[in-house]
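Q:
In the numbering used here, the protein residues as written are -14 to 490.
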């Protein structure tokens, strides 16, 4: 019996993904509703198309069908925020769409029905004269070969949709396996894989971490349960591929020597605070909101404080077996605002930003601007120069006779002088990103005959890497750059220059 274990992405409540859609024919307008401390946003439209940096994109699909569109948000500064949301889109009157994926172990192949829409039965044609109506079928091929496998789906006995793809069946000559040891949030992995493989790939299950080292060491940002997967394969003859996954509980400690870890995040709307429990390894919990109101035992409470002030909010978790107690506290400042501040801004190519206080609600006698880089201003309409590119969280705080009455923050993106605004058109795809310094660029078919000018610039706009190449669908860029943020610029004589941010870990 084969075992298929999926990768689990660990999401924290410091950001929450969300979007709405408006459909007109085959064109879909995505409206961003995400909240929290993220600075990167991506969309996968479910048809092979994707985009980065655009908060509310519009996408036109090539044909009618059912598509799973997903939004991904994360924090590239502290790596403490990741979340995603997916939605199923029915376009052009489509009622169903056939789809499947596979997992192979030698001559044994698992087939998983991933069809969408309204249907009541399926049929797998395995391409060797046999078939199955099991949506989670396991088929053993007699010989290694390439097989055209087709999935047909039916509704009330009538064919609704079908799809076919080539499955490459090889005899497996390798076996993935690993063990690990943990010290707090840091894990040391030992590779016990066997067989004729020459490449290994680790996915640490937190949405960010990966490695191609033989036996890596990885430190998690926060405690939690992560599905760690090791894949091994042969890149010379492709005669071997195997994957092994294991659920691992990562903890920084806990009272009583047990595995429980107390943790929470919160979102505040004046006197009302929504708490999200992020604890692990417990059976019971209790909240103390620091105002003398007594314990609350709800999992994710919403609590209204009686008056503004600073409160030490503590969450205690308890495990009976194994025995463990752990407490996590944060000091929360609760405000009651009487103003509704707002601002706008403009900028030029020399990174001169003009900020405009557009607050109209409330009695505002003074303001404080925070430009996100440690500098501030008390001018009502300040002009500010940024010294380096990046994403800065700019906040405007308003005061009524010295008392804080409102605050609003917006992310402001500053580009290198001379680089210009990031081009978010999905002409090229760069992966993995972040990486250890090696990136693969997927070139669109329309530009395969073009000579491409690839340059990497640092945050000051200085060129630190250059490469000229063409005629390939996938181009590998190997660098030895130090860890940090860079800009990859790709240009040709046939298309506009494409600029995207890359991260070297």
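The beta-carbon is built from N, C-alpha and C at its ideal position, and this holds for glycine as well.
Tell me whether residue 192 is buried or exposed, calling it buried when 16 or more other Cβ atoms sit within 10 Å of its Cβ.
A: Classification of residue 192: buried, given that the 10 Å Cβ count is 16 or more.
Q: Tell me whether residue 432 sits in a helix, a strand or coil according to DSSP, three-state version.
A: Of the three classes helix, strand and coil, the one that applies to residue 432 here is helix, per DSSP.
Q: In angstroms with no decimal places, state the Cα-to-Cα distance between residue 253 and residue 157.
A: So the two alpha carbons sit approximately 54 Å from each other.
Q: Output the boundary residues of the beta strand (DSSP E) element that contains residue 276.
A: Where residue 276 is concerned, there is no enclosing beta strand (DSSP E), given that its DSSP letter is neither H nor E.
Q: Judging by CA-CA distance, which residue of 93, 212, 300, 231 is the nearest neighbour of residue 155?
A: For residue 155, the nearest C-alpha among the options comes from 93.
Q: Does DSSP classify residue 146 as helix, strand or coil?
A: It is a strand residue.
Q: Do you know how far the Cα of residue 30 is from the Cα of residue 266?
A: One C-alpha to the other measures close to 36 Å.
Q: Going by beta carbon distance, what residues of the same chain come within less than 6 Å of residue 3, once the five residues before and after it are set aside?
A: Within the same chain, residue 3 has close Cβ partners 18, 19, 70.
Q: Leaving out five residues on either side along the sequence, give the residues of the same chain with a beta carbon under 6 Å from the beta carbon of residue 165.
A: Contacts found: 172, 174.
Q: From residue 269 to residue 263, what does the alpha carbon distance come to, in whole angstroms?
A: Those two C-alpha atoms are separated by around 13 Å.
Q: Could you check if residue 103 is buried or exposed, using at least 16 other CB atoms within 10 Å of its CB as the buried criterion?
A: With fewer than 16 other Cβ atoms within 10 Å, it is exposed.
Q: Going by other Cβ atoms of all chains shown within 10 Å of its Cβ, with 16 needed for buried, is residue 149 buried or exposed?
A: Its Cβ having fewer than 16 others within 10 Å, residue 149 is exposed.
Q: What distance in whole Å lies between the Cβ atoms of residue 110 and residue 128, which are believed to be in contact at a cut-off of 8 Å?
A: Not confirmed; about 18 Å, so no contact.
Q: For residue 246, which three-state DSSP category applies?
A: Looking at residue 246 - three-state DSSP - the assignment turns out to be strand.
Q: If you compare alpha carbons, which of 303, 274, 226 is closest to residue 291?
A: It is 274.
Q: Where do the N-terminal and C-terminal ends of the beta strand (DSSP E) with residue 473 fall, by residue?
A: Per DSSP, residue 473 belongs to the beta strand (DSSP E) from 469 to 476.
Q: Given that a residue counts as buried once 16 or more other Cβ atoms are within 10 Å of its Cβ, and exposed if not, what is residue 232?
A: Classification for residue 232: exposed.
Q: Measure how close the beta-carbons of residue 474 and residue 484 come, nearest whole angstrom, since I'm counting them as under 8 Å.
A: Right, their Cβ atoms sit about 5 Å apart.
Q: Is the CB-CB distance between residue 352 and residue 345 below 8 Å?
A: Going by C-beta atoms, residue 352 is not nearer than 8 Å to residue 345.
Q: Could you pull out every residue in the same chain whose Cβ sits closer than 8 Å to the Cβ of residue 448, ignoring the five residues on either side in sequence?
A: The residues are 440, 441, 442.
Q: Less than 8 Å separating the beta-carbons of residue 51 and residue 85?
A: In this structure, residue 85 does not lie closer than 8 Å to residue 51 by Cβ.
Q: If distances are taken between C-alpha atoms only, which option among 457, 420, 431 comes closest to residue 469?
A: Of 457, 420, 431, the residue nearest in Cα terms is 420.
Q: Using 8 Å as the threshold, is the C-beta distance between residue 54 and residue 11 below it?
A: Cβ atoms of residue 54 and residue 11: not closer than 8 Å.
Q: Where does residue 66 fall in DSSP's three states?
A: In this structure, residue 66 counts as coil in the three-state DSSP scheme.
Q: Do residue 457 and residue 428 have their C-beta atoms within less than 8 Å of each other?
A: Their beta carbons are under 8 Å apart, which means residue 457 touches residue 428 by this criterion.
Q: Measure the C-alpha to C-alpha separation of residue 91 and residue 130 and round it to an integer number of angstroms.
A: Roughly 11 Å separates the two Cα atoms.
Q: Do you know offhand how far residue 487's Cα is from residue 331's?
A: C-alpha separation (whole angstroms): 26 Å.
Q: Taking the alpha-carbon positions, what's the residue 212 to residue 354 distance?
A: Roughly 43 Å separates the two Cα atoms.
Q: Indicate the three-state DSSP secondary structure (helix, strand or coil) for residue 177 in the structure shown.
A: Residue 177: coil per DSSP, three-state reduction.
Q: May I ask you to report which of helix, strand or coil DSSP gives residue 375?
A: Residue 375 falls in the strand class under three-state DSSP.
Q: Starting from residue 400, trace the beta strand (DSSP E) in both directions and tell me its first and last residue.
A: Here residue 400 belongs to no beta strand (DSSP E), and DSSP marks it neither H nor E.
Q: Would you decide whether residue 220 is buried or exposed? Buried here means 16 or more other CB atoms lie within 10 Å of its CB.
A: Exposed, since its Cβ has fewer than 16 Cβ neighbours within 10 Å.
Q: Classify residue 163 as helix, strand or coil using the three-state DSSP reduction.
A: DSSP places residue 163 in strand when its eight states are reduced to three.
Q: Since residue 219 sits in a beta bridge, which residues does DSSP pair it with?
A: According to DSSP, residue 219 bridges with nothing at all.
Q: Starting from the C-beta of residue 294, find all residues in its chain whose C-beta is less than 7 Å away, skip the five residues before and the five after it, and write them out in chain order.
A: The residues are 319.
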